[in-house]
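Chemist: Have a look at the structure that comes next, please.
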Amino acid sequence: ENSDIDVTCGTESMALSILLCPVYFAGYNESLISLNGQFNNLLCHGLADWKADPPVINFNFSIHDNAVTSCKNNLQIFDHQGSGVFSQFSNVQSLNISGTIQSLDPTTGTITYKQELIYLFSCSYPLQYFINNTELSVAGVSIAIKDNNGTFVSTLSMYLFEDRHYQNKLVIPSSGLKLKKRVYVEVMAKNLTDKFYVLLDRCYATTESRPSNSTSYDLFVGCNKDPQTVVHTNGEDQHARFSFEAFRFVEHKDRIVSTYYLHCMTRLCDREKCATIRPNCNSRRKREVAVTIPSVTASADFTESAIVSSPQISAEVDAGKQISFLTTSVS
Numbered sequence: 001e002n003s004d005i006d007v008t009c010g011t012e013s014m015a016l017s018i019l020l021c022p023v024y025f026a027g028y029n030e031s032l033i034s035l036n037g038q039f040n041n042l043l044c045h046g047l048a049d050w051k052a053d054p055p056v057i058n059f060n061f062s063i064h065d066n067a068v069t070s071c072k073n074n075l076q077i078f079d080h081q082g083s084g085v086f087s088q089f090s091n092v093q094s095l096n097i098s099g100t101i102q103s104l105d106p107t108t109g110t111i112t113y114k115q116e117l118i119y120l121f122s123c124s125y126p127l128q129y130f131i132n133n134t135e136l137s138v139a140g141v142s143i144a145i146k147d148n149n150g151t152f153v154s155t156l157s158m159y160l161f162e163d164r165h166y167q168n169k170l171v172i173p174s175s176g177l178k179l180k181k182r183v184y185v186e187v188m189a190k191n192l193t194d195k196f197y198v199l200l201d202r203c204y205a206t207t208e209s210r211p212s213n214s215t216s217y218d219l220f221v222g223c224n225k226d227p228q229t230v231v232h233t234n235g236e237d238q239h240a241r242f243s244f245e246a247f248r249f250v251e252h253k254d255r256i257v258s259t260y261y262l263h264c265m266t267r268l269c270d271r272e273k274c275a276t277i278r279p280n281c282n283s284r285r286k287r288e289v290a291v292t293i294p295s296v297t298a299s300a301d302f303t304e305s306a307i308v309s310s311p312q313i314s315a316e317v318d319a320g321k322q323i324s325f326l327t328t329s330v331s
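If you read the sequence shown in full-length UniProt numbering, its first letter stands for residue 1, the second for the next number, and so on.
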């Protein structure tokens, strides 16, 4: 019965609970129950909780790296129609993690009268991120996705660096950075399995903290990019890297401080397919300012996008003015 098992699709781990009484009623105990028939692996056994009402056997395993497959769970990637905020993308991908909890019959004879116990479970994790602006007054910030009906786990981080080797974090002096100071940006996904790479669809600045309904300036959209923007790594690893030169919005000409916000629309892609869907940007360049954010067409092998925002940057402006990139936390 479905009521005998409870499945929680968490952002760090999957939690399974089965009722203990039916297990004992069928002639088994917790030592004879395991994930996917992996009875010789103690990590695949559950723990009995006799204090729960009713008593249960709990299983919990991380969905990071190799832990998710150590008990022979099945991982499959499915394509489906995009929905929600990113419904303009014709096709997105989800990761389904599934398996069974099984009983081991200790009978050594030819026949048995014990009923076999099999519990099926699965969690579907959309490869989807939507991270709101975060205050980035330090060189790097990391945001963990909250549980939301199995939203795929990851931590997206954006870091700013001083150098092209991405070794020295950017330290912003109180007087601000010089205009045209080159800023090196890294968007990284931590705690992912090695199945996925990070792919940036678009990176842009806006005059307001929210990515929409404000003047925006594209650093790059696919192969269309600002002449001062260089994309170093994209869709080739679990991080993406680019650099740009500090600038200010013309509409802020009467301000002492020009404030704007840097965002990157970020996806994961199946590493087996990334090479075929990465944009080929050998010759195309484009620089444009838009009032609203345009749609970006995606191919069938893209995952759904996320928006991750930058650390705060301040840069000097002529005549002693100061330009500031500033983001504030949004719930």
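For each residue, glycine too, the CB sits at the ideal point set by N, CA and C. Keep in mind the model is a prediction, meaning the values are calculated, not measured.
#1: For ASN168, count neighbouring C-beta atoms within 10 Å of its own C-beta (all shown protein chains included) and say buried if the count is 16 or more, exposed if not.
#2: List the DSSP bridge partners of GLU245.
#3: If you count every other CB in all the chains shown that lies within 10 Å of the CB of ASP226, and 16 or more means buried, which is it?
#4: Counting Cβ pairs closer than 8 Å, one from the segment 45-56 and one from the segment 112-120, do we hit at least three?
#5: When DSSP labels each residue in this structure, what does ARG202 get in the three-state scheme?
#6: Please state whether DSSP places LYS72 in a helix, a strand or coil.
#7: Please classify CYS269: does DSSP put it in a helix, a strand, or coil?
#8: Based on DSSP bridge pairs, tell me the residues matched to THR100.
#9: With H, G and I counted as helix, E and B as strand and the rest as coil, what does DSSP make of ASP6?
#10: Using the Cα positions of SER70 and ASN40, report the straight-line distance between them to the nearest angstrom.
#11: For the alpha helix (DSSP H) that LEU20 lies in, which residues bound it at each end?
#12: Are the CB atoms of THR100 and GLY37 nearer to each other than 9 Å?
#13: Looking at C-alpha atoms only, which residue of ASP49, THR233, PHE78 and SER98 is the closest neighbour of ILE63?
#14: Please name the residue, chosen from VAL171, ASP105, LEU95 and LYS190, that lies closest to VAL183 on a Cα-to-Cα basis.
Modeler: The answer reads as follows:
#1: It counts as exposed.
#2: DSSP, once it has assigned bridges, lists ARG182 as partnering GLU245.
#3: The C-beta of ASP226 has 16 or more other C-beta atoms within 10 Å across all chains shown, which makes the residue buried.
#4: Short answer: they don't touch.
#5: ARG202: strand per DSSP, three-state reduction.
#6: Looking at LYS72 - three-state DSSP - the assignment turns out to be coil, as it is neither helix nor strand.
#7: Of the three classes helix, strand and coil, the one that applies to CYS269 here is strand, per DSSP.
#8: DSSP, once it has assigned bridges, lists LEU120 as partnering THR100.
#9: ASP6: strand per DSSP, three-state reduction.
#10: Going by the C-alpha atoms only, they are around 12 Å apart.
#11: Element bounds for LEU20: 20-25.
#12: Yes, they are a contact pair.
#13: Ranking ASP49, THR233, PHE78 and SER98 by Cα distance to ILE63 puts SER98 first.
#14: Relative to VAL183, the option among VAL171, ASP105, LEU95 and LYS190 whose CA is nearest is VAL171.
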